[in-house]
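S.K.:
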Amino acid sequence: MEDSMPEPPFEFLSRKPYMPPLWATHLNPIPSHIFSLGHFPTPIHKWNLPNLPKGTEVYIKRDDLSGMQLSGNKVRKLEFLLAEAVAQGADCIITIGGIQSNHCRATAVAAKYLNLGCYLILFTSEKLVDKDPGLTGNLLVERLVGAHVDLISKEEYASIGGVALTNILKERLLSEGRKPYVIPGGGSNSLGTWGYVEAVREIQEQLGKGSGGITFDDIVAACGSGGTIAGLALGTWLSGSATKVHAYCVSDDPNYFYDHVEGLTDGLQAVVSSRDIVNIQNAKGLGYAINTTEELTFMQEIAKATGVVLDPVYSGKAAYGMMRDMAENPRKWEGRKVLFVHTGGLLGLYEKTEQIVPLVGNWRRMDIQASIPRQVGTGKVSRNFYRPM
Ligand SMILES: Cc1ncc(COP(=O)(O)O)c(C=O)c1O
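Once you know that position 70 of the sequence shown is 70 in full-length UniProt numbering, the rest is easy, because the numbers rise by one and skip nothing.
1. Report the rounded CA-to-CA distance for Arg-336 versus Phe-216, giving the unit in angstroms.
2. Which residue from Val-141, Gly-146, Leu-165 puts its Cα closest to that of Ile-152?
3. Verify whether the separation of the beta carbon atoms of Val-341 and Ile-219 is less than 8 Å.
4. Drop a sphere of 10 angstroms on the beta-carbon of Trp-363, count the other beta-carbons inside from all chains shown, and report buried for 16 or more, exposed for fewer.
5. Assuming Thr-265 and Leu-234 make a contact with CB atoms under 8 Å, what is their CB distance in whole Å?
6. Judging by CA-CA distance, which residue of Val-376, Ala-370, Ile-356 is the nearest neighbour of Ile-290?
7. May I ask whether a heavy atom of ligand 1 can be found less than 7 Å away from the beta carbon of Thr-56?
8. Identify the continuous beta strand (DSSP E) that holds Gln-281 and give its terminal residues.
9. Whole angstroms are fine: how far does the CA of Thr-293 sit from the CA of Lys-170?
10. DSSP three-state call for Glu-2: helix, strand or coil?
11. Identify which residue in Glu-351, Trp-23, Ile-372, Pro-41 has its Cα closest to the Cα of Thr-136.
12. Assess contact between the stretch 104-122 and the stretch 81-93, defined as three or more Cβ pairs (one per stretch) separated by less than 8 Å. Is contact present?
13. Can you name the start and end residues of the beta strand (DSSP E) that Phe-35 belongs to?
14. Which residues does DSSP pair with Arg-15 in a beta bridge?
15. Alpha carbon to alpha carbon, how far is Asn-279 from Met-1? Give it in angstroms, no decimals.
16. Between Tyr-248 and Ala-318, how many whole angstroms is the CB-CB distance? I'm expecting something under 8 Å.
17. Starting from the Cα of Val-149, find the closest Cα among Asn-73, Leu-70, Thr-107, Thr-228 and give me that residue.
18. Can you say whether residue 462 is buried or exposed, counting buried as having 16 or more other CB atoms within 10 angstroms of its CB?
19. Could you pull out every residue in the same chain whose Cβ sits closer than 6 Å to the Cβ of Ser-274, ignoring the five residues on either side in sequence?
20. Is the stretch 122-131 touching the stretch 91-101 in the sense that three or more CB pairs, one from each, lie closer than 8 Å?
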């Protein structure tokens with residue numbers, strides 16, 4: 001009945017029936033609906049990174065431009081997850097993540113767009129768990145849109161686990177007569193995996209349209225909870241593409257993620273071993289969300305050289321890992337066309353400003369003589385601006 005309702009006047013924030021790509025129609029279950037939450041397709045452009053191996057070309061898919069407050073890779077997963085939440089009659093969303101979780105921020109904004117309540121469980125260090133979490137980065141947006149924030153310590157998160165913690169909150173809300181819908185950390189379950197299966201279709205459509213016949217030999221992305229690379233790897237494999245998918249994990253370790261990705265694709269009844277469809281390398285460095293000065297310096301140099309600002313927790317570490325691999329194994333990458341997926345997360349940079357301050361410079365008091373007379377501008381554009389007729 002719902003599908004015979006009149007088309008909404010604007011596509012953004014509308015919910016519509018979902019049709020998978022032809023090569024994915026045998027997956028099971030197939031989501032019935034999708035919400036339009038992001039600005040897609042996100043652009044792809046050449047990324048002129050310095051010091052590439054001979055003949056290597058790197059392109060970048062700007063999923064960081066999929067929105068503003070609601071941006072990055074999480075939007076693609078939320079398009080499916082929130083469609084299910086609404087179909088189930090939910091009146092609020094529960095999810096969980098680290099204190100600067102981009103996923104939690106994106107979920108809070110998307111929930112509010114759809115007039116749903118939002119409950120976030122955020123883990124932080126033991127010494128900060130009883131204090132006001134402040135307004136840095138993602139927290140500013142979450143608190144402005146009125147998400148409820150429950151803090152727990154990292155130790156509690158590690159010992160109790162995300163499933164039990166979200167269940168506690170769910171039971172509490174149910175007893176108050178609410179209808180909560182739980183999204184796992186990072187939005188990474190089998191339903192969320194469709195987000196990057198769809199991204200593969202999007203990339204293929206972009207390549208089909210006036211891209212000068214480019215095909216990518218490799219796709220590279222960061223891996224934090226596994227859903228992004230699961231979707232990329234599954235979509236690439238199912239579509240019969242020869243492109244290799246590489247993941248750089250920023251938490252846990254590659255073995256953990258091989259199992260986790262396989263769990264996500266098993267949940268869609270795809271019969272494939274994760275090791276056959278994705279190559280996962282470690283880019284965790286000092287630990288999840290902890291940066292070395294070398295990593296931040298690398299990000300600063302890339303920003304300065306190319307204008308592309310990476311985030312410190314995910315795409316920054318993934319690009320650092322990729323460039324290190326290119327330097328150590330140039331033969332592996334020589335002559336290849338690589339697509340790096342920028343998965344967003346720029347608000348996470350605000351938590352790193354103290355570490356970044358010594359890396360950036362170039363400000364000065366402007367040197368002006370006190371005797372310069374004031375001139376009043378008219379605000380009109382100079383005649384010379386226009387091309388002569
Ligand atoms: C900005 C950003 N990039 C990449 C990732 C990793 O994606 P996934 O959780 O799907 O592995 C995340 C979240 O974990 C993220 O917030």
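Think of the CB as a built atom: it goes at the ideal place given N, C-alpha and C, for glycine as much as any other residue.
M.R.: To lay it out plainly:
1. 8 Å
2. Leu-165
3. The criterion of a C-beta distance shorter than 8 Å is satisfied by Val-341 and Ile-219.
4. exposed
5. 5 Å
6. Considering only Val-376, Ala-370, Ile-356, the residue with the shortest C-alpha distance to Ile-290 is Ile-356.
7. no
8. 279-282
9. 40 Å
10. Caution applies to Glu-2, whose pLDDT of 48 falls short of 50 and renders its modelled position unreliable; the value that the coordinates give is listed next. Glu-2: helix per DSSP, three-state reduction.
11. Glu-351
12. yes
13. 33-35
14. Phe-35
15. Summary for Met-1: the model assigns pLDDT 41, below 50, so the residue's position carries little reliability, and this model does not support an answer.
16. The C-beta distance from Tyr-248 to Ala-318 rounds to 4 Å, short enough to meet the 8 Å contact threshold.
17. Thr-107
18. Here the chain comprises residues numbered 1 to 389, so residue 462 is not present and cannot be evaluated.
19. Tyr-258, Val-261, Glu-262
20. yes
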